[in-house]
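Structure first, then comments.
2 protein chains.
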Amino acid sequence: MDKILRINMGPGAPAFKTESRDKYAGLGGRGLTSAIVAGEVPPLCHPLSADNKLVFAPGLLSGTLAAMSGRLSVGCKSPLTGGIKEANSGGMPSQVMARLGYAGIVLEGKPDDDTLYKIFINKDGVTVTPDNSLKGLGNYDLVEKMKQEFGDAICCMSIGQAGEMKLASASVACTDMELRPTRHAGRGGVGAVMGAKGVKVIVMDDTGTEMRPPKDPEKFKAANKIFVKGLKEHAVTGQGLPAYGTNVLTNVVNEAGGYPTNNFLYGRFKGAAAISGETMAELETARGGKATHGCHRGCVIRCSGTYMDKDGHYLTKQPEYETVWAHGGNCGIDDMDAIAQMDRLDDDFGIDTIEMGATIGVAMEAGLAAFGDADAAIQLVKEVGKGTPLGRILGSGAAVTGKVFGVERVPVVKNQAMPAYDPRAVQGIGVTYATSTMGADHTAGYAVATNLLGVGGNVDPLKPEGQIELSRNLQIATAAIDSTGMCLFIAFAVLDQPETFAAMVDMINAFYGLNLDGDGVAALGKKILTMEREFNEQAGFTSKDDRLPAYFQTEALPPHNVRFGVTDQELDTVYNF
Amino acid sequence: MDKILRINMGPGAPAFKTESRDKYAGLGGRGLTSAIVAGEVPPLCHPLSADNKLVFAPGLLSGTLAAMSGRLSVGCKSPLTGGIKEANSGGMPSQVMARLGYAGIVLEGKPDDDTLYKIFINKDGVTVTPDNSLKGLGNYDLVEKMKQEFGDAICCMSIGQAGEMKLASASVACTDMELRPTRHAGRGGVGAVMGAKGVKVIVMDDTGTEMRPPKDPEKFKAANKIFVKGLKEHAVTGQGLPAYGTNVLTNVVNEAGGYPTNNFLYGRFKGAAAISGETMAELETARGGKATHGCHRGCVIRCSGTYMDKDGHYLTKQPEYETVWAHGGNCGIDDMDAIAQMDRLDDDFGIDTIEMGATIGVAMEAGLAAFGDADAAIQLVKEVGKGTPLGRILGSGAAVTGKVFGVERVPVVKNQAMPAYDPRAVQGIGVTYATSTMGADHTAGYAVATNLLGVGGNVDPLKPEGQIELSRNLQIATAAIDSTGMCLFIAFAVLDQPETFAAMVDMINAFYGLNLDGDGVAALGKKILTMEREFNEQAGFTSKDDRLPAYFQTEALPPHNVRFGVTDQELDTVYNF
Chain A
2 MDKILRINMG PGAPAFKTES RDKYAGLGGR GLTSAIVAGE VPPLCHPLSA DNKLVFAPGL
62 LSGTLAAMSG RLSVGCKSPL TGGIKEANSG GMPSQVMARL GYAGIVLEGK PDDDTLYKIF
122 INKDGVTVTP DNSLKGLGNY DLVEKMKQEF GDAICCMSIG QAGEMKLASA SVACTDMELR
182 PTRHAGRGGV GAVMGAKGVK VIVMDDTGTE MRPPKDPEKF KAANKIFVKG LKEHAVTGQG
242 LPAYGTNVLT NVVNEAGGYP TNNFLYGRFK GAAAISGETM AELETARGGK ATHGCHRGCV
302 IRCSGTYMDK DGHYLTKQPE YETVWAHGGN CGIDDMDAIA QMDRLDDDFG IDTIEMGATI
362 GVAMEAGLAA FGDADAAIQL VKEVGKGTPL GRILGSGAAV TGKVFGVERV PVVKNQAMPA
422 YDPRAVQGIG VTYATSTMGA DHTAGYAVAT NLLGVGGNVD PLKPEGQIEL SRNLQIATAA
482 IDSTGMCLFI AFAVLDQPET FAAMVDMINA FYGLNLDGDG VAALGKKILT MEREFNEQAG
542 FTSKDDRLPA YFQTEALPPH NVRFGVTDQE LDTVYNF
Chain B
2 MDKILRINMG PGAPAFKTES RDKYAGLGGR GLTSAIVAGE VPPLCHPLSA DNKLVFAPGL
62 LSGTLAAMSG RLSVGCKSPL TGGIKEANSG GMPSQVMARL GYAGIVLEGK PDDDTLYKIF
122 INKDGVTVTP DNSLKGLGNY DLVEKMKQEF GDAICCMSIG QAGEMKLASA SVACTDMELR
182 PTRHAGRGGV GAVMGAKGVK VIVMDDTGTE MRPPKDPEKF KAANKIFVKG LKEHAVTGQG
242 LPAYGTNVLT NVVNEAGGYP TNNFLYGRFK GAAAISGETM AELETARGGK ATHGCHRGCV
302 IRCSGTYMDK DGHYLTKQPE YETVWAHGGN CGIDDMDAIA QMDRLDDDFG IDTIEMGATI
362 GVAMEAGLAA FGDADAAIQL VKEVGKGTPL GRILGSGAAV TGKVFGVERV PVVKNQAMPA
422 YDPRAVQGIG VTYATSTMGA DHTAGYAVAT NLLGVGGNVD PLKPEGQIEL SRNLQIATAA
482 IDSTGMCLFI AFAVLDQPET FAAMVDMINA FYGLNLDGDG VAALGKKILT MEREFNEQAG
542 FTSKDDRLPA YFQTEALPPH NVRFGVTDQE LDTVYNF
């Protein structure tokens, strides 16, 4: 994994070259994508211009035996936020790309016409082919077509209709182990940048390649064993996530009064039980789906599943908690099948489910549909796929939708929609939303763990005290973990169990022949955050962009009737490290 | 004119109070609106929230005998730019408001339902009345209705459908001397803020009031006489503008190669002659309209006119140069009647013609219509009035339209569309576009005068040299002039003729009993710009917002094949004063 593949998409015939990764040595995943974007993309360029770059990077441990190492980072200047972006995805591409020897694939330039290209990469090399027959395909049909052309030993990174339309909520779809486009680098419009580059799909086949070999195989194997044992032993990663998936959170967050309901008007949703992880797992099993399933080779948590329709046919993968919330409680909808349908549509069109659900919440506030009207919500999602003017508005995200329809209550930071935790009742995540380099993003520093789940200690979710330090430390740790290719869910075990954390660090050391310690991990995280923040500053961001919308400080959230209490002055200290 | 009227629009019954203007003594027009917005509006508030304020202010000399003193300033935090905004309008309201004794009218708060109100003000006081029968009316029908209700001695400040929809390009319409809603505080979405306040129209009647008396009537009268003489003697204000209106510029700017054509792709338009001021004046006269006409009491330049349709019936006022360009050359359209129709629609719906035309240019680049297709362009404007999803996109301005349709070439600064001068071929105006506190705005520092018209000296339009100083001085002078209520067109004579400038200052001194000199005028301008800039900084603006879109530096503009050459470092020195 010592090469970087650069593909120049135009104009003229696309050209590619591989180069050594020396310039970016020691960086993987988000570390690599952010370093390339910060180092090579003009911060004031238009996100859809030839000057932007789209970087795909497996993590430092991807393509190895290490459990949970299959996360992919996708980076660029974001069409949604205007700042730097790393969107993270599961599925197979990370493992495959790493085994093919690529530390990163960089799409550069853009065609001067609207020709659409497919890229095929295997051990023998790279081909870039114009193929306008792919135009307008959803991700499911597209992958089916690729399977017919390239066989079923492939994986795909692709865009649906939303990416072709260059909509700011467009995702990059990654195929899972069943070769379905169900895993998405969802946030920030990375799919729009892929669309602007004229690339519909990157197909990869790692047939004939080997697992990446560690420098110290014995030590590596031993550390991995301890690591896996730790994951199995922790209640969240060993029991909750496997049994109920991420949607195990619905009841927890709702009970805590932090479940954003009806476009962040209430903190508790009456219909929560009907769409909880527990209900969903039962339904999945009853219909012949799977309630426990992994999204990539090497996953041992297996938080996913398969969701069948009423007739027992595959509809979509098990919808994530964030999706169930976005299309569910946030829109007052408690119909699990309707939510699953929207999840399928989002995956097919290639849309970020969080942004889409938050946008429908704003549209409902604008009066386009009533809260709770599942049929109307499904129709709104379909508009995006059709590319009608209304669909283009919605596909441009919550901030644009709020502007176009004159809505004041729009839950975004840096133009990116907030995920499934109200920052007033989970104030630690509010700090992360406000200050993350990514815009409102729960994964950037998941303070929910310590605010609500008792993981990594306890910090009262309703009070501002302690939230800054909590979010800061989590943002640093997360930036580092996002560089390893490790699934973020390892954090539950890593935060609570020192030996599991040590095993993770040991794996890196054994693999690369390093002597990293905890401080070294933190230093890596700080380095990445600093790069990202500097890019954003050069793109025009200031402390004023590190704020929640004003109404989170003035409107009290039931049932706790709490306002966001962390002051602006405190928010400005998050990056004091 | 010593009172400020504050009307709190809710919730509950609207309440109003008048207070002394002491706190804002010495400020008028833009000086007053910007001082109130900067001093009272939280910079990070949502522009459509109760926290924003909409301020109407006549100038220091409005309501007096002074010629050209009928300009109105309308200020708020802009829904379009997110920064401070002063939009400036002709028509009757400024004179009438000043004679009624109001230095400013401030709309505060917002209703908690969608009731629409009308406000009536005369010498006896103020009434605020809910009137939902006004909903959905265009400005023309609305004014007709107000005339029936209040008689024809009134003037109106109102919003059309666009303002009711809170669209970011919505204007506030001001009636002219014929009680037609043809004068607009166009830029930055001030009409959307009026809509958010639930106010459809402010009707004023100054019957029974007197002209405001100067402290030194003789000196005042004498100065006014010299001032008027100067205006009559200058070629631009005495001949060009009266004869051909602002549209006298079409041939001039086109000849100079700075006429933005087909969404700023070319600098010269083949169809320019067909839509020039010369052609238009001929057409107007031939059809029984007027080619020379004033928009407010006291105007001696009379740059306006009336435009009849083919059957000789009134269609609209003489379209301004910026409008003719926006709906004309910028969209490749050379059909004067089509342009006049769009002008009428814009006035009726209450939309900024510059933003609307620039938006259609972007929509054409996106492929929604062909450049040059006048019928399609008219249909697009009509969509805004109907409030269809497409209309709402377009009514949200060029930046949002570019985002929604994935267009890279979007000619905006601070999200506000550029007016009718390409900044590559008229580099001084490029400096103003980039650095003005208002977003791209030609009136904020009209360097075109010195770049192309030889007024105030000569600075080569194609080169960066001298443009910073030119724009700086003009921005300072303009901020001061915008405080007097004087029409900006006096600047042509004031810049060229020292005695005309002196007469203007003498009028202020004679009226208020002051001893202001040129330095004092400049100090006022600097004070206003500083307030505005500080507001913008608090709202999150940085030097990165003082930039043209990147393509103006990389794409050469025919026929001169010139790029914008003023460096970022130079742009950052504009406010060094």
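Chain order of the listed sequences is A and B. The opening position of the first sequence corresponds to residue 2 in my numbering, with each subsequent residue numbered one higher. The opening position of the second sequence corresponds to residue 2 in my numbering, with each subsequent residue numbered one higher. Quick reminder that beta carbons are idealized off the backbone N, C-alpha and C, glycines included.
How far does the beta strand (DSSP E) with residue i in it reach, from first residue to last?
{"i": "Asp206(A)", "result": "Val200 to Asp206"}
{"i": "Lys148(A)", "result": "No beta strand (DSSP E) contains Lys148(A), which is instead part of the alpha helix (DSSP H) from Asn140 to Phe151."}
{"i": "Lys18(B)", "result": "Ala16 to Ser21"}
{"i": "Pro131(A)", "result": "Gly126 to Pro131"}
{"i": "His294(A)", "result": "Lys291 to His294"}
{"i": "Gly76(B)", "result": "Leu73 to Lys78"}
{"i": "Glu87(A)", "result": "Ile85 to Ser90"}
Just to confirm, is the Cβ distance from residue i to residue j under 8 Å?
{"i": "Gly268(B)", "j": "Thr251(B)", "result": "no"}
{"i": "Pro582(A)", "j": "Phe536(A)", "result": "Because chain A spans 2 through 578 in this model, residue 582(A) falls outside it and cannot be assessed."}
{"i": "Ala378(B)", "j": "Ala370(B)", "result": "yes"}
{"i": "Thr438(B)", "j": "Gly84(B)", "result": "yes"}
{"i": "Val567(A)", "j": "Pro465(A)", "result": "yes"}
{"i": "Asn416(A)", "j": "Thr82(A)", "result": "yes"}
{"i": "Val579(A)", "j": "Phe493(A)", "result": "Nothing in the structure corresponds to residue 579(A), since chain A is present only between 2 and 578."}
{"i": "Val385(A)", "j": "Ile361(A)", "result": "no"}
{"i": "Gly161(A)", "j": "Ala174(A)", "result": "yes"}
{"i": "Thr293(B)", "j": "Pro243(B)", "result": "yes"}
{"i": "Val432(B)", "j": "Ile469(B)", "result": "yes"}
State the DSSP-derived secondary structure class of residue i, mapped to helix, strand or coil.
{"i": "Lys545(A)", "result": "helix"}
{"i": "Leu581(B)", "result": "Coverage of chain B is limited to positions 2 through 578, which leaves residue 581(B) absent and any answer about it impossible."}
{"i": "Glu179(A)", "result": "coil"}
{"i": "Phe350(B)", "result": "helix"}
{"i": "Cys488(B)", "result": "coil"}
{"i": "Glu211(B)", "result": "coil"}
{"i": "Ile5(B)", "result": "strand"}
{"i": "Arg184(A)", "result": "strand"}
{"i": "Asn331(B)", "result": "helix"}
{"i": "Pro59(B)", "result": "strand"}
{"i": "Met309(A)", "result": "strand"}
{"i": "Gln417(A)", "result": "strand"}
{"i": "Lys119(A)", "result": "strand"}
{"i": "Tyr267(B)", "result": "strand"}
{"i": "Leu135(B)", "result": "helix"}
{"i": "Ile106(A)", "result": "strand"}
Hey, could you find the ends of the alpha helix (DSSP H) residue i is sitting in?
{"i": "Glu538(A)", "result": "Gly519 to Gln539"}
{"i": "Ser159(B)", "result": "Segment Ile155 to Ser159 is the beta strand (DSSP E) holding Ser159(B); no alpha helix (DSSP H) there."}
{"i": "Ser35(B)", "result": "Gly30 to Glu41"}
{"i": "Glu321(B)", "result": "No alpha helix (DSSP H) holds Glu321(B); DSSP gives it neither H nor E."}
{"i": "Met195(B)", "result": "Val191 to Ala197"}
The stretch 420-428 of chain B in contact with the stretch 402-410 of chain B per 3-pair CB rule at 8 Å:
no
contact_flag[the stretch 552-564 of chain B, the stretch 423-436 of chain B] where n(CB pairs < 8 Å) is 3 or more:
yes
The stretch 399-417 of chain B: positions lying closer than 7 Å to chain A by Cβ
Val401, Lys404, Val405, Phe406, Gly407 and Glu409
Evaluate contact between the stretch 21-29 of chain B and the stretch 56-71 of chain B, counting only Cβ atoms and requiring at least three cross-stretch pairs below 8 Å.
yes
Can you list, in chain order, the residues of the stretch 527-543 of chain B whose Cβ is nearer than 9 Å to any Cβ on chain A?
Glu538, Gln539, Ala540, Gly541, Phe542 and Thr543
Taking contact to mean 3 or more Cβ pairs, one atom from each stretch, closer than 8 Å, check whether the stretch 4-12 of chain A and the stretch 120-129 of chain A are in contact.
yes
Check whether the stretch 428-438 of chain B and the stretch 449-457 of chain B are in contact - that is, three or more C-beta pairs closer than 8 Å.
yes
Using a Cβ-Cβ cut-off of less than 8 Å, list which residues of the stretch 436-459 of chain A approach chain B; keep chain order.
none
For the stretch 180-198 of chain A and the stretch 63-79 of chain A, state whether three or more C-beta atom pairs, one from each stretch, are separated by less than 8 Å.
yes
Any residues in the stretch 46-71 of chain B with a beta carbon nearer than 8 Å to a beta carbon of chain A? Which ones, in chain order?
Cys46, His47, Leu49, Ser50 and Asp52
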